[in-house]
Amino acid sequence: MKILICLSNVPDTTTKIKFTDDNTKFDETGVQWVINPWDELALTRALELKEDAGANVEKVTVINVGLANTEPTIRKALAIGADDAIRVNAEPKDAFFVASQIANAIKDQGFDIIINGIESSDFNGSAVGGMLAEMLDLPSVSAVSAMKVENGAIVIDREIDGGKEVLSIETPFLAVVQKGIALEPRIAAMRGIMMARKKPLTIIEAVDVQAMTDFVAYEMPQPKPPCKMVDADNVKDLVNLLHNEAKVI
Amino acid sequence: MSVLVFTENWDGKFKKSSFELVSYASKIAEMLNTSTVALSIGNVTEDELKNLGKHGADKILSVTDERFNYLENQAYTSVIAQAAAKESASVLVFANNNMGKALAPRVAVKMNAGLGAGVDQLPKSTEPFTIHKKVYSGNAFGNVIIKTDVKVLTLMQNSFMIVENQKDGAVETFAPEVNEAHFKTKVKDVAKQTGQIILTDAEIVVSGGRGMKGAENWGAIEELAEVLGAATACSRPVSDEGWRPHNEHTGQTGKIIAPNLYIAAGISGAIQHIAGVSGTKCLVAINTDKDAPIFEVADYGIVGDALKVLPELVAGIKELKS
Ligand SMILES: Cc1cc2nc3c(=O)[nH]c(=O)nc-3n(C[C@H](O)[C@H](O)[C@H](O)COP(=O)(O)OP(=O)(O)OC[C@H]3O[C@@H](n4cnc5c(N)ncnc54)[C@H](O)[C@@H]3O)c2cc1C
């Protein structure tokens, strides 16, 4: 079985978000770029499956749509344990553009399972996975919180509101994964970092696709009024404020 | 033309988010001078379907085919696209929840439509079609133009007020073409909570962090949730420790919620936690550390021991309600 993980290159989760050029561009000064946290968990789970002899995974590939500056992030995925990588050489314009590029790059490669993280922590679109599945005419399962191989069959937990469903599905399919898929992201060891340098990273030129959306301007959240402090000895005051002022109870 | 809304029911009753969606869609329909059509898939009584009319649905398409008892993304996508074609929908609206996130991107591709995911208000303009959405996990917002003729939107939960707007709400049975090849998943088991408030649908949420010290202290959180009719949640370390189930974890890597009231007890307010609750209308923090970052984002705060404050809060609210 061959597994593909779609990687998004995002600012570290603690980054202080700022914009330049009249709030039209994300300010990249001093930003640390990382693998999108969910994609990292997806990769971790794929590697766990590869180590499980019963799961019969021969290869884990990662793909990213990005310019050369995303290569450190891709190398990190190789260092964590992916076997090879593909970079589609283009600036990601929107989810449709990214999904189109990935669809084109992998359409003849026969991946059995394609995994996307539920959203990327920059544009919070939750879109590339579903779009890619539709473009490739593949079944998809979203909100996946566990994936196992049992006697050769794929068994998936899907979160539903207030519970979960256990599903079985045949390959090929696409999974959009979220919390639970792996416990802790795997960290690259020294040996992995050394090996990553030699692992294949194929660069594919982008196809001509128009984005369907345009980001026109960013806004920072409105500065909020300072927190109203209530004395711990007068908890009833809080009840009154919530009832009469905030009107939420 | 029309605006098509994808609704969701929970054991035959529409979810609160579906009424939000219909209210929202009918406002967009007003902006575009067109009508609102709601699509319902599942076993819902005529009376319940009619409730969508109260919030602005001119027409309701009802699909009751049993093959749709479980979500099958490709099959649902095909039904929604057929409904949209039949109603010449120019805007399709979904909730930004598990189901909406599973379907909206597929539907967008199928219909050659641009996707606006996670919008939090009405479009700022319809020419060009400009939406407003959170980006960077709530640390900023973006204004985005959707350039295609057909647009697909997913609406953040709790971001639009349910309004009464009585419309005709004529119910029409809809029997779409079904492609058997679209059914590729088999549901082997379902574990569904019943009788409890669903975290992502809840108006009030009481949440505990590591400052609650241990699973044995959660009685106070549950009691407060009980008197408020609230759902319970927790921070990530709490579910990692196994003090609470994983499905209660909120934050960037957990559930993203936007209730009217979020009470955070013993939660420090790490940026990743706040990313999951930044859409909250009113945030209350209880923390022993007056410098905890949670107070920077809270509306009301108490510096104090949550284990002492929570029972007093329960008593105060009981008094208020009696
Ligand atoms: C990539 C990544 C993703 C993450 N995603 C998430 C996420 O989705 N959700 C999430 O929650 N975290 C997430 N985290 C972890 C996050 O950084 C914090 O570590 C976590 O939110 C802290 O949880 P906490 O507030 O419960 O615990 P702590 O940070 O330990 O805070 C406990 C608080 O309780 C207070 N306290 C102690 N005793 C009492 C008392 N008796 N009464 C009242 N207050 C008391 C303390 O003053 C302190 O402020 C993520 C981290 C990373 C790196």
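For the protein sequence lines, the chains are A and B, in the order given. Going left to right, the first sequence walks through residues -16 to 232 as my numbering numbers them. Going left to right, the second sequence walks through residues 9 to 330 as my numbering numbers them. Quick reminder that beta carbons are idealized off the backbone N, C-alpha and C, glycines included.
Point to revise | Terminal residues of the alpha helix (DSSP H) in which B:Asn81 lies | key: One-based indexing of the second sequence puts residue 81 of chain B at position 73. Taken as a continuous stretch (DSSP letters only), the alpha helix (DSSP H) holding B:Asn81 covers Asn81 to Lys94.
Practice item. Check whether the Cβ of B:Ala314 lies closer than 7 Å to any heavy atom of ligand 1, and answer yes or no. Key: Numbered from 1 along the second sequence, position 306 holds the residue referred to as residue 314 of chain B. A distance criterion of 7 Å places the beta-carbon of B:Ala314 in contact range of ligand 1, judged by its closest non-hydrogen atom.
Check your understanding: Just to confirm, does B:His190 get its C-beta within under 7 Å of one of the non-hydrogen atoms of ligand 1?
Key -> Residue 190 of chain B sits at position 182 when you count from the first residue of the second sequence. Answer for B:His190: no, Cβ out of range of ligand 1.
Check your understanding: Can B:Gln260 be considered in contact with ligand 1, in the sense that its beta carbon sits closer than 7 Å to one or more heavy atoms?
Key -> One-based indexing of the second sequence puts residue 260 of chain B at position 252. The answer is yes for B:Gln260.
Check your understanding: Can you tell which of B:Gly216, B:Gly259, B:Ala323 and B:Ala266 has its C-alpha closest to the C-alpha of B:Gly274?
Key -> The residue labelled residue 274 of chain B in the question sits at position 266 within the second sequence. Ranking the options by Cα distance to B:Gly274, first place goes to B:Gly216.
Review point. B:Ala323 lies in the alpha helix (DSSP H); which residues open and close that run?
Key: Here residue 323 of chain B is taken as the residue at index 315 of the second sequence, counted from 1. Ala314 to Lys329 is the extent of the alpha helix (DSSP H) around B:Ala323.
**Study point:** Uninterrupted beta strand (DSSP E) stretches inside the stretch 108 to 156 of chain B (no shorter than 3 residues)
**Key:** 122 to 127, 137 to 143 and 148 to 154
Practice item. Measure from the C-beta of B:Val186 to each C-beta in chain A and report whether the shortest distance is under 8 Å. Key: Working through the second sequence from its first residue, we reach residue 186 of chain B at position 178. With 8 Å as the cut-off, B:Val186 does not count as an interface residue toward chain A.
Check your understanding: Would a check of beta-carbon distances place A:Thr185 closer than 8 Å to chain B?
Key -> Position 202 of the first sequence, counted from the first residue, corresponds to residue 185 of chain A. It does not; no Cβ of chain B falls within 8 Å.
Practice item. Tell me, please, whether the CB atom of B:Arg114 is closer than 8 Å to any CB atom in chain A? Key: One-based indexing of the second sequence puts residue 114 of chain B at position 106. With 8 Å as the cut-off, B:Arg114 counts as an interface residue toward chain A.
Review point. So does the stretch 284 to 297 of chain B actually touch the stretch 229 to 239 of chain B, counting three or more Cβ pairs closer than 8 Å?
Key: Verdict: no, contact absent.
Check your understanding: Between A:Ile18 and chain B, is there a C-beta pair that is closer than 8 Å?
Key -> As a position in the first sequence, residue 18 of chain A is number 35, starting the count at 1. Chain B, which has no Cβ nearer than 8 Å to the Cβ of A:Ile18, makes this no.
Exercise for review: Within 10 angstroms of the Cβ of B:Val198, are there 16 or more other Cβ atoms? Answer buried if so, exposed if not.
Suggested key: Position 190 of the second sequence, counted from the first residue, corresponds to residue 198 of chain B. B:Val198 comes out exposed.
Check your understanding: Start and end of the alpha helix (DSSP H) containing B:Ser247?
Key -> By 1-based counting over the second sequence, the position of residue 247 of chain B is 239. Element bounds for B:Ser247: Arg244 to Asp248.
**Study point:** Residues sharing a beta bridge with A:Asn99, DSSP
**Key:** Residue mapping note: residue 99 of chain A aligns to position 116 of the first sequence, counting from 1. According to DSSP, A:Asn99 bridges with A:Val159.
Exercise for review: Could you tell me whether the Cβ of B:Trp18 comes closer than 8 Å to any Cβ of chain A?
Suggested key: Along the second sequence, read from residue 1 onward, the residue named residue 18 of chain B stands at position 10. With 8 Å as the cut-off, B:Trp18 counts as an interface residue toward chain A.
Exercise for review: Determine whether the Cβ of B:Glu320 lies closer than 8 Å to any Cβ atom of chain A.
Suggested key: Counted from its first residue, the second sequence places residue 320 of chain B at position 312. Answer yes: the Cβ-Cβ gap between B:Glu320 and chain A drops below 8 Å somewhere.
Point to revise | Cβ contact check for the stretch 80 to 94 of chain A and the stretch 52 to 67 of chain A: 3 or more pairs under 8 Å | key: No: fewer than three Cβ pairs fall under 8 Å.
Practice item. Could you round the C-beta distance between A:Val149 and B:Lys196 to whole angstroms and report it? I think they count as a contact, below 8 Å. Key: Start at 1 with the first residue of the first sequence, and residue 149 of chain A comes out as number 166. Start at 1 with the first residue of the second sequence, and residue 196 of chain B comes out as number 188. Contact holds; Cβ gap of about 5 Å.
Practice item. Kindly provide the ranges of any beta strand (DSSP E) runs that are 3 or more residues long and lie completely inside the stretch 200 to 246 of chain B, ordered along the chain. Key: 212 to 216 and 239 to 242
Check your understanding: When you compare only the Cα positions, how much space is there between A:Glu117 and B:Arg114?
Key -> Against the first sequence, residue 117 of chain A aligns to sequence position 134. Against the second sequence, residue 114 of chain B aligns to sequence position 106. C-alpha separation (whole angstroms): 5 Å.
Point to revise | Per-residue burial, B:Met169 [other beta carbons within 10 Å of its own, 16 or more giving buried] | key: Taking the second sequence and counting its residues from 1, one reaches residue 169 of chain B at position 161. Exposed, by the Cβ-count rule.
**Study point:** Beta carbon proximity, A:Pro75 to chain B, threshold 8 Å
**Key:** As a position in the first sequence, residue 75 of chain A is number 92, starting the count at 1. So, not an interface residue.
Review point. Whose C-beta lies closer than 7 Å to the C-beta of B:Ala89 among residues of the same chain, with five residues either side of it excluded?
Key: Reading the second sequence from its first residue, position 81 is the one you call residue 89 of chain B. The answer, listed in chain order, is Val115, Lys118 and Met119.
Review point. Are there 16 or more other CB atoms within 10 angstroms of the CB of A:Val213, so buried, or fewer, so exposed?
Key: To locate residue 213 of chain A, count along the first sequence from 1; it is residue 230. A:Val213 should be labelled buried.
Practice item. Starting from B:Thr240, find everything on chain A with Cβ-Cβ shorter than 8 Å and list it in chain order. Key: Walking along the second sequence from the start, residue 240 of chain B turns up at place 232. Ordered by position in chain A, no residue passes the 8 Å Cβ test against B:Thr240, which lies about 12 Å from the chain.
Point to revise | Start-end ranges of the beta strand (DSSP E) lying completely within the stretch 147 to 222 of chain A, minimum 3 residues | key: 156 to 160, 184 to 188, 196 to 202 and 211 to 213
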